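Trainee:
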Amino acid sequence: MLALTETAAEAISNILETNEMPEGSGLRIAATPNMAEEGLELSVAPNPAADDTVLEGGGAVIFLEPMAASALDDKVLDVERIPENESDGSGDEYRFAITPQSELQG
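When the letters of the sequence shown are read in order and numbered with this note's numbering, they come out as residues 6 to 111.
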């Protein structure tokens with residue numbers, strides 16, 4: 006099952022709060038039609054789709070579309086926070102990364 010770092014859980018909570026999402030919302034991770042070339046799609050969602058797997062950890066909620074859940078089964082979700090760019094008024098930026106769980110256990 007997908008694992009979350011503490012940093013990723015904090016980032017997800019911040020993203021949901023910034024987007025003023027209601028209680029029970031989460032970050033949805035879905036496979037794209039051509040996942041091998043396009044990767045995964047991340048979006049905020051007010052609730053999971055009927056067939057999503059729901060993960061909770063560190064105060065964060067993630068909804069995994071079935072194909073994404075399968076692809077991420079033995080992975081860890083981490084994030085790098087890029088501080089707010091004050092010159093253009095944009096908020097913090099988050100860059101998510103997926104690594105094998107075995108790399109963290111090594």
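Just so it is clear, CB atoms sit at the ideal spot from N, CA and C, and this is done for glycine as well.
Just so we're clear, the structure is a prediction, and the values are computed from it rather than from any experiment.
With DSSP as the reference, label A55 as helix, strand or coil.
Mentor: coil
Trainee: Look up P71 in the DSSP assignment and say whether it is helix, strand or coil.
Mentor: helix
Trainee: Buried or exposed, going by whether 16 or more other CB atoms sit within 10 Å of the CB of A74?
Mentor: Around the C-beta of A74, 16 or more other C-beta atoms lie within 10 Å, and the residue is accordingly described as buried.
Trainee: Give the secondary structure of S107 by DSSP, where H, G and I count as helix, E and B as strand, and everything else as coil.
Mentor: helix
Trainee: Counting along the chain, where does the alpha helix (DSSP H) carrying L77 start and finish?
Mentor: No alpha helix (DSSP H) contains L77, which DSSP labels as neither H nor E.
Trainee: Pull up the DSSP beta-bridge partners for S48, would you.
Mentor: R33.
Trainee: Measuring alpha carbon to alpha carbon, tell me which of G62, M72 and P27 ends up nearest A41.
Mentor: M72
Trainee: Just to confirm before moving on: does the CB-CB distance between E15 and G63 stay below 9 Å?
Mentor: Cβ distance < 9 Å, so E15 and G63 count as in contact.
Trainee: Measure the C-alpha to C-alpha separation of V81 and T58 and round it to an integer number of angstroms.
Mentor: 16 Å
Trainee: Please classify E28: does DSSP put it in a helix, a strand, or coil?
Mentor: coil
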